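What follows is a single structure, written as structure tokens, with notes after it.
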Amino acid sequence: MNSHPNAALVSLPHVTPVAPLRWRAEQAWRHYLSKPAEAIMEASEVIAGSATKASRECGWAYLSRALAQCRSMDKLPDVEKMRADFACAANIFSATGDERGARLAELAPAAIAMREHRWPQALKEFEALIGRFDLNMLDADNFYLCFGLSTCYVYQGRLEEGMRFGYAALHLAQQLDLSPEYAAAALPLGVALMAAKDPEEADNLLESAIASAERAGSAVLAKALRNNRAVALRRLGRLDEALGLIEAVLAEDAAMIGGQQFAHFNAAELFLRRSDLANAERHLNIARTMLAGQGASGLDLVKVHYIEGVIASRRGHLGSACKEFSIVDRMLPEVSALRFNDRAEFFDEYADSLARAGRMAEAFAVQRKSSGQYQHSLTVVNRVRRFAMQVRQEISRVNSDLVRETRERRELQVINLKLRDQIDAAMSEAEKLRDQASHDALTGIFNRRYLDDALPSLLLLSQQSATPFAIVMVDLDHFKNVNDVNGHIMGDKVLAGFAQLAREGLRGSDIVGRFGGEEFCMALIGCGPDAALQRLSLLLEKFRALEFDQDGARLAGLTFSAGIAVYPEDGINVPDLTVNADKRLLRAKQAGRSRIFSASTVAGA
């Protein structure tokens with residue numbers, strides 16, 4: 242998925258056929274976002290046909306041509322030409338006293354940085370201009386600033402800020418009936434929603450944005466939006482709809498934002514989900530051929546090696562798969578997390594290939610990287626979803642007030658902004674309190690409250706990626722005797738010792754928490770019943786080997802009993818999985834303890 246910069250539609254004064262240059266200048270401005278090639282041609286005609294190169298029409302033509310070049314499909318844009326056009330526009334606006342044009346011309350450094358995908362610099366330039374725009378006003382000029390901030394924040398991985406300005410840009414375009422702007426704002430916002438694991442909301446947004454792009458007659462925007470919507474449908478598991486949409490995208494003659502290869506990457510990943518390796522490889526080869534002729538960016542190469550690795554892994558060519566995945570791993574620091582936001586799935590694929598190849602130490606190290614991605618999802622996803630819901634509710638409320646007088650509307654917008662700040666502050670404080678209350682004071686691992694919040698989110702990630710997910714209930718055997726005979730201090734050491742062993746011995750993506758007393762709960766991501774049984778058996782051996790000392794007393798040979806339940810075989814929701822794991826834990830204790838029970842297997846004793 243990819244997106245390029247654009248600007249808001251700033252209407253020139255109404256013109257009539259007796260002023261053809263002014264009319265064409267206005268057309269260039271209207272088209273630079275949705276039809277950049279036509280805008281460049283129209284603007285060039287205005288500049289060439291003007292008797293004086295210092296007219297206001299020429300100023301807007303230069304500005305339109307510069308911004309249209311920022312939207313062009315060229316792999317190697319002529320940056321110096323863009324700078325020259327922006328400079329000409331700024332000089333003309335200064336000479337003619339056009340304050341509105343001069344303010345928009347100041348966006349030049351940010352627009353060029355975006356075109357070159359230098360996101361940190363672009364963000365710095367946009368943030369420096371916030372004071373030049375009155376964001377409390379329902380003004381079309383504000384669109385470009387909001388859109389630019391949204392895009393930069395999203396591709397910097399700062400989802401909350403990106404969605405805040407993305408919804409603001411969407412709101413401006415919607416209220417001012419700016420179809421191309423609405424369609425363009427939906428591109429980075431859709432990326433952010435999918436990164437926040439909310440493909441359903443992304444699908445709804447992209448579907449409405451496609452209709453806006455079609456109303457604007459922009460084949461370029463419509464094609465990019467359809468491609469992104471196919472990604473959302475794939476992540477929702479609606480594979481037939483996704484396939485129909487991507488086939489339509491590939492059949493279209495319009496240029497593709499970022500390059501046609503992204504549609505073929507999308508198709509390849511879709512066929513991988515359908516276990517159709519031949520078609521996945523066919524589309525990958527088409528994309529590779531395209532890149533050979535036009536050059537490959539960092540994201541292009543990451544996609545190529547990632548898909549090659551998955552195909553090799555599915556075919557059992559583990560050496561080739563690990564080689565391709567290692568290339569991706571080395572390249573990831575150079576690629577924005579939001580432009581390649583399937584990192585957790587990638588690390589799981591890589592770790593699985595390494596493990597199947599017998600390279601267990603490397604597999605463990607890679608799986609720990611997956612932990613960071615899953616934990617990041619847990620801390621960000623729900624927060625971003627709540628924020629998005631708040632913004633949508635606020636926008637809906639503001640919409641109902643827009644029928645009032647301009648003065649009243651502006652007052653309401655100021656109040657809403659203050660209220661939003663108060664809500665954000667309250668949410669931030671609540672988040673801090675939840676963080677403080679998420680860990681068990683004795684063992685240092687997660688507590689019951691965190692488990693109740695985290696397990697549904699972890700299960701949702703497994704459902705969306707069609708991978709197994711195991712919940713394990715563990716009870717330390719004869720723990721009451723430990724307290725009665727050796728004292729509670731020794732009992733505390735045993736609890737803490739088991740917790741540390743579990744935390745260090747499981748994969749990085751797994752979590753363990755204290756469920757209560759001497760009972761613990763584990764969540765094993767991407768883990769089927771056999772793999773879960775193997776991991777718990779190893780943990781049982783290590784726990785049995787631990788020794789605990791207290792006031793000269795020594796305790797060793799301790800054991801635990803455990804029950805395993807796996808999605809989807811043993812349940813499709815957390816309560817059912819937890820109940821089934823508890824039942825198997827009880828059976829393990831009744832069978833003599835020091836045992837691990839799953840649906841069909843037993844280990845221990």
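Sequential numbering of the sequence shown, starting at 242, is according to the numbering used here. Note that CB positions come from ideal geometry on N, CA and C, so glycine has one too. Since we're looking at a predicted model, the values are computed, not measured.
Continuous alpha helix (DSSP H) stretch holding residue i: start and end
{"i": "Gly403", "result": "400–416"}
{"i": "Asp570", "result": "559–572"}
{"i": "Gln268", "result": "261–272"}
{"i": "Asp339", "result": "Element bounds for Asp339: n/a, residue is neither H nor E."}
{"i": "Ile371", "result": "It is not in any alpha helix (DSSP H) - Ile371 carries neither H nor E in the DSSP assignment."}
{"i": "Gln831", "result": "815–831"}
{"i": "Ala489", "result": "480–492"}
{"i": "Thr392", "result": "382–396"}
{"i": "Arg597", "result": "584–597"}
Neighbourhood of residue i by C-beta distance below 6 Å, restricted to the same chain and skipping five residues each side
{"i": "Ala797", "result": "Glu788"}
{"i": "Ala786", "result": "none"}
{"i": "Ala847", "result": "The structure shown does not extend to residue 847, since the chain spans only 242 to 846, so no value can be given for it."}
{"i": "Ile288", "result": "Cys299, Ala302"}
{"i": "Thr647", "result": "Confidence at Thr647 is low in this model, with a pLDDT of 49, below 50, so the placement of that residue should be treated as unreliable; the coordinate-derived value is given next. Closer than 6 Å at the Cβ level, and outside the excluded window around Thr647, lies no residue."}
{"i": "Ala349", "result": "Phe327"}
7 Å Cβ shell around residue i - same chain, five flanking residues per side excluded
{"i": "Ala483", "result": "Ala471, Leu474, Arg475, Leu511"}
{"i": "Ala409", "result": "Cys387"}
{"i": "Asp733", "result": "Leu683"}
{"i": "Gln501", "result": "Met531"}
{"i": "Pro440", "result": "Ala473, Arg476, Leu477"}
{"i": "Gly685", "result": "Ala740"}
{"i": "Phe374", "result": "Asp382, Asn383, Leu386"}
{"i": "Arg853", "result": "No statement about residue 853 is possible, as the shown extent of the chain runs from 242 to 846 and does not include it."}
Residue i versus residue j - alpha carbon distance
{"i": "Ser594", "j": "Cys329", "result": "56 Å"}
{"i": "Ala433", "j": "Arg584", "result": "15 Å"}
{"i": "Asp718", "j": "Phe739", "result": "12 Å"}
{"i": "Ala351", "j": "Val320", "result": "12 Å"}
{"i": "Leu799", "j": "Ala743", "result": "14 Å"}
{"i": "Lys610", "j": "Ala381", "result": "43 Å"}
{"i": "Tyr394", "j": "Ser839", "result": "45 Å"}
{"i": "Ile813", "j": "Asp481", "result": "23 Å"}
{"i": "Gly485", "j": "Ala465", "result": "15 Å"}
{"i": "Phe710", "j": "Asp817", "result": "13 Å"}
{"i": "Ile837", "j": "Ala772", "result": "13 Å"}
{"i": "Arg515", "j": "Ala425", "result": "31 Å"}
{"i": "Ala504", "j": "Ala803", "result": "47 Å"}
{"i": "Thr337", "j": "Ala295", "result": "8 Å"}
{"i": "Gln704", "j": "Arg748", "result": "20 Å"}
{"i": "Asn507", "j": "Glu493", "result": "15 Å"}
{"i": "Leu779", "j": "Ile712", "result": "17 Å"}
{"i": "Gly883", "j": "His729", "result": "Outside the displayed range of the chain (242 to 846) lies residue 883, so it cannot be described from this structure."}
{"i": "Phe384", "j": "Val461", "result": "20 Å"}
{"i": "Ala496", "j": "Glu279", "result": "13 Å"}
{"i": "Phe720", "j": "Arg776", "result": "22 Å"}
{"i": "Gly342", "j": "Ala592", "result": "54 Å"}
{"i": "Glu590", "j": "Ile548", "result": "11 Å"}
{"i": "Ala369", "j": "Ala427", "result": "24 Å"}
{"i": "Gly290", "j": "Glu347", "result": "26 Å"}
{"i": "Ser750", "j": "Tyr691", "result": "15 Å"}
{"i": "Pro318", "j": "Tyr396", "result": "20 Å"}
{"i": "Cys563", "j": "Gly550", "result": "7 Å"}
Neighbourhood of residue i by C-beta distance below 8 Å, restricted to the same chain and skipping five residues each side
{"i": "Pro261", "result": "none"}
{"i": "Leu827", "result": "Gly804"}
{"i": "Ala707", "result": "Gly478, Arg514"}
{"i": "Leu701", "result": "Lys438"}
{"i": "Phe687", "result": "Ser679, His680, Asp681, Ala695, Ile752, Val753, Gly754, Arg755"}
Residue i, enclosing beta strand (DSSP E) - first and last residue
{"i": "Ala794", "result": "794–797"}
{"i": "Cys858", "result": "In the structure as shown, the chain starts at 242 and stops at 846, and residue 858 therefore has no counterpart that could be examined."}
{"i": "Gln501", "result": "Here Gln501 belongs to no beta strand (DSSP E), and DSSP marks it neither H nor E."}
{"i": "Gln791", "result": "788–791"}
In DSSP terms, what residue i is bridged to
{"i": "Ala711", "result": "Leu765, Val807"}
{"i": "Asp716", "result": "Glu760, Ser802"}
{"i": "Ile752", "result": "Ala764"}
{"i": "His680", "result": "Phe687"}
(message) Quick check: the segment 299–314 against the segment 259–276, are at least 3 beta-carbon pairs closer than 8 Å?
(response) yes
(request) Indicate whether the contact test is met: 3 or more Cβ pairs, each with one atom in the segment 501–511 and one in the segment 470–482, closer than 8 Å. (result) yes
(request) Could you tell me whether the segment 329–339 touches the segment 291–308, where touching means 3 or more Cβ pairs closer than 8 Å? (result) yes
(request) For the segment 682–699 and the segment 799–811, state whether three or more C-beta atom pairs, one from each stretch, are separated by less than 8 Å. (result) no
(request) Mind the definition here: the segment 521–531 touches the segment 556–566 only if three or more C-beta pairs lie below 8 Å; say whether that holds. (result) no
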